[in-house]
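Student: Sequential numbering of the sequence shown, starting at 160, is according to the numbering used here.
Where a beta carbon is used, it is the ideal one built from N, C-alpha and C, also for glycine.
Sharing a structure with you now.
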Amino acid sequence: MGTAGAAFEYPINTSERGLAPEFKVAPYVGVSMARPGNGNTALFYDTDNRRFVGWSTGTTDNSKQILSPLQDPEEALFSFKTGMELIYMESTRFSNGLVYAILQDQNGQRHIYGINMGGNGFVQESKYENLQAPGFDQASRFAFHSQFPFLFYAEGNKVHMYNLATNTTYESVITLPSTSEVTFLKFNLYQQPLLTLLNDQSEEFMARQFELMVGSYDKNSTDNNGGTLGFYKIDGINNKVSKRTEYSGFARIADVVYRERR
160 MGTAGAAFEY PINTSERGLA PEFKVAPYVG VSMARPGNGN TALFYDTDNR RFVGWSTGTT
220 DNSKQILSPL QDPEEALFSF KTGMELIYME STRFSNGLVY AILQDQNGQR HIYGINMGGN
280 GFVQESKYEN LQAPGFDQAS RFAFHSQFPF LFYAEGNKVH MYNLATNTTY ESVITLPSTS
340 EVTFLKFNLY QQPLLTLLND QSEEFMARQF ELMVGSYDKN STDNNGGTLG FYKIDGINNK
400 VSKRTEYSGF ARIADVVYRE RR
């Protein structure tokens, strides 16, 4: 999402430009990753009022620099005013720019909403409830694939794979040593809006975006260097996961970003 610096002159979590913030927003911004940097809309979550709010370049609200509550469409799959706690949100390239949101209701049950941010954005595309996913309601690390309808989530030293299309969980597709704890899951999609401008156009390099990065930490480490980073290939046809390589000797891994050369 590109915009002029004036967009950051005042807080935008207000109903009128220039006012003090009126509500808190979750630390996520949902955009289409089909062409990152070129989107006209962005999705946010108001944690005080428990609702989705949006930003768009093509509205009067944008000229005022505010976030607007999203209105439910006719025959809505769900209400944008969810009344639930947002646990996690991730932007993907799946379906030309689907943003997945994991929400938790008052009973502790979690749901997944899919909002398509391609085109003009904010299109309700999917809703997943009653997930047959052991440990999902307690998990805190997640990653959504951009080529297949797969959710990966961590439980202790294990990573499970959930197929959203079939409501099937493939348990323990990755099992780390018993003393390890998963601290990080991510698919690092390249941020360059035009991938053809990247120096390396090889199939191998482009495929790196769709490898699952798994950061873990050895709880028995005594030198603060018990962190390990593994890279895993995803076989979406046979529902298999295989480790390509692994590096160790890190501190606790919080995030990893590839360097992109143009």
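Measure the CB-CB distance between residue 347 and residue 259 and report whether it falls below 8 Å.
Tutor: no
Student: Classify residue 224: buried if its beta carbon has 16 or more other beta carbons within 10 angstroms, exposed otherwise.
Tutor: buried
Student: Thinking just about the alpha-carbon of each residue, which of 228, 241 and 413 is nearest to the one in residue 301?
Tutor: Minimum Cα distance to residue 301 is reached at 413.
Student: Within the region 168-221, note down every full beta strand (DSSP E) run reaching 3 residues or more, in order along the chain.
Tutor: Taking 3 residues as the minimum length, the beta strand (DSSP E) runs contained wholly in the region 168-221 are 200-205 and 210-215, in order along the chain.
Student: Kindly indicate which three-state DSSP category residue 355 falls into: helix, strand or coil?
Tutor: helix
Student: Using 8 Å as the threshold, is the C-beta distance between residue 385 and residue 373 below it?
Tutor: no
Student: How about residue 246 and residue 210: are their beta carbons less than 8 Å apart?
Tutor: Contact check for residue 246 against residue 210 fails: the beta carbons are separated by 8 Å or more.
Student: Suppose you measure from the CA of residue 290 to the CA of residue 309; what does that come to, to the nearest Å?
Tutor: 13 Å
Student: I need the DSSP call for residue 235, collapsed to helix, strand or coil.
Tutor: coil
Student: Could you tell me if residue 283 is buried or exposed, where buried requires 16 or more neighbouring beta carbons within 10 angstroms of its beta carbon?
Tutor: Buried, because 16 or more other Cβ atoms sit within 10 Å of the Cβ of residue 283.
Student: State buried or exposed for residue 337, treating a residue as buried only when at least 16 other CB atoms are found within 10 Å of its CB.
Tutor: exposed
Student: Can you tell me where the beta strand (DSSP E) with residue 409 in it begins and where it stops?
Tutor: DSSP places residue 409 in the uninterrupted beta strand (DSSP E) bounded by 399-409.
Student: First and last residue of the beta strand (DSSP E) that includes residue 248?
Tutor: 244-250
Student: Tell me the DSSP secondary structure of residue 276 in three-state form.
Tutor: coil
Student: Please say whether residue 189 and residue 202 have beta carbons closer to each other than 8 Å?
Tutor: yes
Student: Please name the residue in 319, 293 and 263 whose C-alpha comes closest to that of residue 271.
Tutor: Taking only the C-alpha atoms, the option nearest residue 271 is 263.
Student: By the three-class DSSP mapping on this structure, what secondary structure does residue 260 have?
Tutor: Note: residue 260 maps to strand in three-state DSSP.
Student: Could you pull the start and end residues of the beta strand (DSSP E) that residue 340 belongs to?
Tutor: 339-345
Student: For residue 234, which of 285, 280, 279 and 410 has the nearest alpha-carbon?
Tutor: Of 285, 280, 279 and 410, the residue nearest in Cα terms is 285.
Student: Can you tell me whether DSSP reads residue 300 as helix, strand or coil?
Tutor: coil
Student: Give me the Cα-Cα distance between residue 278 and residue 182, rounded to the nearest whole angstrom.
Tutor: 28 Å
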